[in-house]
Every structure is written in C-alpha cells, then in structure tokens.
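Undergrad: Next up is a structure, given as structure tokens.
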Amino acid sequence: MGGLSLAAAIAVMVLRRRLVVVSVSGPSMAPTLRHRDRVLVRRVPAETLGKGDIVVVTEPGPCRAGGSADTLGSPLVIKRVVAVAGDAEPAFLPEWARRPDGVVGPGRLVVLGDNADFSWDSRQFGTVRAEQVLGVVLRPLGSQI
1 MGGLSLAAAI
11 AVMVLRRRLV
21 VVSVSGPSMA
31 PTLRHRDRVL
41 VRRVPAETLG
51 KGDIVVVTEP
61 GPCRAGGSAD
71 TLGSPLVIKR
81 VVAVAGDAEP
91 AFLPEWARRP
101 DGVVGPGRLV
111 VLGDNADFSW
121 DSRQFGTVRA
131 EQVLGVVLRP
141 LGSQI
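Going by full-length UniProt numbering, 138 is the number at position 138 of the sequence shown; the sequence numbering is gapless.
Right, dumping it as structure tokens:
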C-alpha cells in the first residue's frame, strides 16, 4: 500500500510540473476562450510550438507609447501563434519590431488575440521569445463563478 501511495504522489508531482491551470482574464481570445474561463496548459519545449497553437506567454514585452505591462494586472497573456521563426513578418508588426530581412527571427513568435479589437498582442509588443511561452492550451476546463 505504501508503494502505491508513493507512486501516486510522484505521478502528481510530475503532472504538476507539466500541466498548469490558467484563468482567462479579458475578452482578447473570444469567442474561442472567454473571460473567466479556466484552461489546462501543458508545458512544452519551445521548438515544438507552431502556427495555430494557443499559448500562454509570460511577460510579453513593452506596450505601445504611454502604456506598460503593469496595465494588464498579470504577467501572463493567452494568444494564438500566427508566425514562427523563418516565416515572413506579418504587415501588422510595429515598425520598430521589424527585421531588415522581413523574416521572423530565430527563436521568435508572432502572437495575436482572436478578438483583435480587444487584444494586446504582437501588434503592440512585437515578437516574443519562444522561451517566454509557459505552455500550450490543451483544452478549456469551464468557467469560474
């Protein structure tokens, strides 16, 4: 019985290191994800990230003039990957974030909210480092009340 309990405890510890639950705050990913939804996130290696993945990004970067990351009230944002290293830079990237060759740089991602009118994303903060990605959203878990 003791061995089974130890195995269960180890399994829980491993899962906690690989999986995390994150709460959605705000409308930027609607209708895919809504304010107060909870999502299950799996930590993944940066090199496995691809276009279409919904990711949780830590401290994405500077805001447009006059803003700051403190405005969000959280160091995490949930966005969709729309371009990866080697892809052409989307036209909406801020001029200051563009590279001379017009290609997303190594280890960089372009992310957008699904609800563009209410999203703080690569249109404001440019590309993000792939290692800033906490993980990929596996599935919604429902809403908090």
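No residue lacks a Cβ here, since even glycine has one placed at the ideal position from N, Cα and C.
(1) Beta strand (DSSP E) containing residue 123: first to last residue?
(2) Which value, in whole angstroms, describes the spacing of the CA atoms of residue 158 and residue 56?
(3) Pull up the distance between the alpha-carbon of residue 24 and that of residue 118, whole angstroms please.
(4) Could you pull the DSSP bridge partners for residue 108 from this structure?
(5) Tell me, to the nearest whole angstrom, how far the beta carbon of residue 53 is from that of residue 143; I am working on the premise that it is less than 8 Å.
(6) If you pair each beta-carbon of the segment 112–126 with each one of the segment 85–103, do three or more pairs fall below 8 Å?
(7) Just to confirm my understanding: we take residue 69, look at its own chain, exclude 5 residues before and 5 after, and list those with CB closer than 6 Å. What are they?
(8) The beta strand (DSSP E) with residue 76 in it runs from where to where?
(9) Going by other Cβ atoms of all chains shown within 10 Å of its Cβ, with 16 needed for buried, is residue 47 buried or exposed?
(10) For residue 58, which beta-bridge partners are listed by DSSP?
(11) Return the CA-CA distance between residue 31 and residue 22, expressed in angstroms with no decimal places.
(12) Which class does residue 101 belong to by DSSP, given the choice of helix, strand or coil?
(13) Sorted by chain position, which residues of the same chain lie with C-beta nearer than 8 Å to residue 139's C-beta, five sequence neighbours on each side aside?
TA: Taking the structure as given:
(1) Per DSSP, residue 123 belongs to no beta strand (DSSP E); it is in the alpha helix (DSSP H), 122–125.
(2) Not covered by the structure: residue 158. The range shown for the chain is 1 to 145.
(3) 14 Å
(4) 129
(5) Contact doesn't hold; Cβ gap of about 22 Å is too wide.
(6) yes
(7) Below a pLDDT of 50, predicted positions are generally treated as unreliable, and residue 69, at 40, falls in that range; the measurement from the model is reported next regardless. Here the set comprises nothing.
(8) 76–84
(9) exposed
(10) 76
(11) 17 Å
(12) coil
(13) 39, 40
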